[in-house]
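Since the structure comes first, as structure tokens, the remarks are kept for the end.
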Amino acid sequence: MGEQKRKDANRNDFIFGKKNYQFMFIGLLVIALGFILMSGGGSDDPNVFSPDIFSWRRIRLAPMLVLIGFGIEVYAILLNPDKDSKK
29 MGEQKRKDAN
39 RNDFIFGKKN
49 YQFMFIGLLV
59 IALGFILMSG
69 GGSDDPNVFS
79 PDIFSWRRIR
89 LAPMLVLIGF
99 GIEVYAILLN
109 PDKDSKK
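The numbering used here puts the last residue of the sequence shown at 115; the count rises by one with no breaks.
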């Protein structure tokens, strides 16, 4: 009986389930896409102003994607992986 308890105590359980890791990966992809869309818009000549840095993509879309990605990450962390297995 004592040996069984030791085996159960030494068993490595992951904190997150497969579903959690899938959502984390999706969140990381959305965050990376947001940062990729945010990049660029610079000018080759430092004496010339480039209005491309104020494009809708860099000001609105990219930060929104980054925030949505962080929201997906929070959801992935708070998601209960054992919810479906208890039913």
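Idealized CB from N, CA, C, for every residue including glycine.
If you draw a straight line from the alpha carbon of L65 to that of V94, how long is it in whole angstroms?
10 angstroms
Assigned secondary structure, L107 (DSSP; H/G/I helix, E/B strand, else coil):
coil
Helix, strand or coil for I59, going by three-state DSSP, please let me know.
helix
Using a Cβ-Cβ cut-off of 7 angstroms (strictly less than) and excluding sequence neighbours within five positions of P109, which residues of its own chain qualify?
F44, G45, K47, N48
Starting from the N-terminal side, write out each stretch of the alpha helix (DSSP H) that is 4 residues or longer and does not extend beyond the stretch 62-96.
Listed in chain order, the alpha helix (DSSP H) runs fully inside the stretch 62-96 amount to none, counting runs of at least 4 residues.
Suppose you measure from the CA of P79 to the CA of L107; what does that come to, to the nearest Å?
42 angstroms
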